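Below is one structure, written out as structure tokens; comments come after it.
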Amino acid sequence: MTAEIFNLEQTEEDTTESLKLTVRAEMVIDFFNEKAGKKCPSRNPKGKPTVNMQLIICRFNEGYTVQDCKSVIARQIREWENDDNMHKFIQIKTIFRRCNFETYYGECG
């Protein structure tokens with residue numbers, strides 16, 4: 000993983016927390032790619048987090064865990080993978096959009 004250049008106003012603690020979030024988000028993206036058979040990148044060619052990663056980090060900031068994210072991914076893929084109408088929605092941007100994720104998470108329980 001490449002190191003990011005952080006704002007000078009960030010404390011060392013902020014930087015450490017940001018790195019933890021990106022590592023956790025990369026774990027979720029790797030899980031998604033494995034389960035969905037996709038190759039969604041977590042970083043752009045310049046090493047910056049993609050929108051996909053940012054969506055996942057937003058869910059972490061709301062209190063969801065890596066395991067919560069994996070559970071939602073697994074459930075949505077199981078539900079949509081053999082549905083011709085829904086298969087196209089097996090995307091990080093669809094699953095992790097705030098309003099969608101809250102609904103999907105509620106259905107996991």
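So for the sequence shown, numbering that gives the first Met the number 0 puts the first residue at 0; every next one is plus one.
Every residue, glycine too, gets a C-beta built ideally from N, C-alpha and C.
All values derive from a computational prediction rather than experimental measurement.
Member of K47, C98, I94, T21 whose CA lies at the smallest distance from the CA of E78: Against the sequence shown, residue 78 aligns to sequence position 79. Scanning K47, C98, I94, T21 for the CA closest to the CA of E78 turns up I94.
Do you know offhand how far E3's Cα is from C98's? Translated into the one-based positions of the sequence shown, residue 3 becomes position 4. Translated into the one-based positions of the sequence shown, residue 98 becomes position 99. Here E3 scores only 45 on pLDDT, less than 50, and its place in the model is too uncertain to base an answer on.
Tell me, which residues are paired with L48 by DSSP? Along the sequence shown, read from residue 1 onward, the residue named residue 48 stands at position 49. The identity of residue 48 in the sequence shown is Pro, whereas the question assumes Leu. For P48, the pairing in a beta bridge is given by DSSP as R42.
Identify the continuous alpha helix (DSSP H) that holds G105 and give its terminal residues. Counting from 1 along the sequence shown, the entry for residue 105 is found at position 106. For G105, the enclosing alpha helix (DSSP H) stretches over residues 97-107.
DSSP-derived helix/strand/coil call for D29: Here residue 29 corresponds to residue number 30 of the sequence shown, with the count starting at 1. Residue state, collapsed to three classes: helix.
At the level of alpha carbons, what is the spacing between M85 and S17? Counting from one through the sequence shown, the residue named residue 85 turns up at place 86. Counting from one through the sequence shown, the residue named residue 17 turns up at place 18. Distance between the alpha carbons of M85 and S17: 34 Å.
Considering just the uninterrupted stretch of the alpha helix (DSSP H) at D67, what are its terminal residues? For the purposes of this step, residue 67 is taken as the residue at position 68 of the sequence shown. First-last of the alpha helix (DSSP H) with D67: 65-79.
For the structure I just gave you, are there three or more beta carbon pairs, one from the region 30-48 and one from the region 67-74, closer than 8 Å? Contact between the region 30-48 and the region 67-74 is present, with at least three C-beta pairs closer than 8 Å.
Can you list, in chain order, the residues of its chain whose CB lies under 6 Å from that of L20, leaving out five sequence neighbours each side? By one-based count along the sequence shown, residue 20 stands at place 21. Shown here for L20: same chain residues with a beta carbon closer than 6 Å to its own, the five before and five after excluded, namely I56, F59 in chain order.
Do you know offhand how far E61's Cα is from D83's? As a first step, residue 61 must be located in the sequence shown, where it is residue number 62. As a first step, residue 83 must be located in the sequence shown, where it is residue number 84. Each residue's Cα considered, the two are about 32 Å apart.
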